[in-house]
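J.: Quick one: this structure, given as structure tokens, is what I'll be asking you about.
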């Protein structure tokens, strides 16, 4: 009898521990990608593979995911943005049928670029420099690679759930910036293979070293804790069209 009671208590504690956590869940049933029968980067430079410019937008997914707080704590996460690729602490995980994770192909420059490249780089540098200056002026210890984090924060209270909508074009996560300037960030996907898609959230930096002390004090006074764990969604299939 006692053994049975102990087992029930143990199972109840186990269920309680499993429920008391943050959960990340994809609402989409699938992710859509343009299927190319040739090397993806060749397809990028050969825009006739798209019937028109608007066709690219047909392969921009609205990725919907839900964040749920099943704990008794109030957490702060950096998880908001219009583009999925701009959320600094999100990792996009694409896996083939053999369980291999695909790496993103980094930006390339078309050898046929024109003098527009110089003005584009100058404009990007100016915008980043101005944003970094303003953040530093407000007390942030900021680095170039995480300039977006400051407007990605959200606070989730106990027993709350939020649904987010972010955009993700596939296979090209980043497209043309200007005429004759090609800087794609893309996944090389073979439409004859099967792939799965999932998301993982994890802080990439010690965020407490970046945020001003008075803001950190405000979080503490309001019982807000920065979430430093890992949460991952389920896998969903990538469909080619």
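In the numbering used here, the protein residues as written are 64 to 304. Idealized CB from N, CA, C, for every residue including glycine. These numbers come from a predicted model, not from an experiment.
Between residue 287 and residue 297, what straight-line distance do the alpha-carbon atoms span, to the nearest angstrom?
T.: So the two alpha carbons sit approximately 27 Å from each other.
J.: So within the segment 250–278, which uninterrupted beta strand (DSSP E) runs reach at least 3 residues, ignoring any that extend past its ends?
T.: Fully enclosed beta strand (DSSP E) runs of 3 or longer: 258–264.
J.: Let me know the secondary structure DSSP gives residue 129 once reduced to three states.
T.: In the structure shown, residue 129 sits in a strand (DSSP, three-state: E or B).
J.: Candidates 96, 270, 199, 262: which alpha carbon is nearest residue 155's?
T.: The residue with the shortest Cα to Cα distance from residue 155 is 262.
J.: Using 8 Å as the threshold, is the segment 89–97 in touch with the segment 193–203, meaning 3 or more CB pairs across them?
T.: Result no; under three Cβ-Cβ pairs closer than 8 Å.
J.: If you check the beta carbons only, do residue 151 and residue 211 fall under 8 Å apart?
T.: Cβ distance < 8 Å, so residue 151 and residue 211 count as in contact.
J.: Span of the beta strand (DSSP E) holding residue 119?
T.: Careful: residue 119 lies outside any beta strand (DSSP E), inside the alpha helix (DSSP H) at 118–121.
J.: Identify, in the order they occur along the chain, each residue of the same chain with its Cβ nearer than 8 Å to the Cβ of residue 270, setting aside the five sequence neighbours on each side.
T.: Contacts found: 141, 212, 289.
J.: Could you please give the first and the last residue of the uninterrupted beta strand (DSSP E) stretch that includes residue 85?
T.: Run containing residue 85: 85–89, per the beta strand (DSSP E) assignment.
J.: Identify which residue in 165, 148, 124, 147 has its Cα closest to the Cα of residue 253.
T.: The residue with the shortest Cα to Cα distance from residue 253 is 165.
J.: Alpha carbon to alpha carbon, how far is residue 230 from residue 123? Give it in angstroms, no decimals.
T.: Spanning the two alpha carbons is a distance of roughly 6 Å.
J.: Comparing the CB of residue 226 with every heavy atom of the ligand PLP, is any distance shorter than 7 Å?
T.: The ligand PLP is absent from the structure shown, which contains no ligand whatsoever.
J.: Within the same chain, show all residues whose beta-carbon is closer than 6 Å to that of residue 131, passing over the 5 residues directly before and after it, in chain order.
T.: These residues qualify, in order along the chain: 86, 224.
J.: Residue 226 to residue 280, Cα distance in whole Å?
T.: Using only the alpha carbons, I get a separation of about 28 Å.
J.: When the Cα atoms are used, what is the spatial distance from residue 258 to residue 284?
T.: Rounded to the nearest angstrom, the two C-alpha atoms are 45 Å apart.
J.: List the endpoints of the continuous beta strand (DSSP E) containing residue 146.
T.: Residue 146 -> no beta strand (DSSP E), and no H or E assigned at all.
J.: In the structure shown, what three-state DSSP assignment does residue 105 receive?
T.: Residue 105 falls in the helix class under three-state DSSP.
J.: Any idea what DSSP makes of residue 225, helix, strand or coil?
T.: Residue 225 falls in the strand class under three-state DSSP.
J.: Between residue 261 and chain B, is there a C-beta pair that is closer than 8 Å?
T.: The structure shown contains no chain B; it is built from a single protein chain.
J.: Tell me whether residue 145 is buried or exposed, calling it buried when 16 or more other Cβ atoms sit within 10 Å of its Cβ.
T.: Residue 145 should be labelled exposed.
J.: Between the C-alpha atoms of residue 134 and residue 247, what's the straight-line distance to the nearest angstrom?
T.: Their backbone Cα atoms lie some 40 Å apart in a straight line.
J.: Can you check DSSP and say which residues form a bridge with residue 150?
T.: None, per the DSSP bridge assignment.
J.: Based on Cα-Cα distance, which residue from 92, 161, 251, 167 lies nearest to residue 127?
T.: Closest by alpha carbon: 92.
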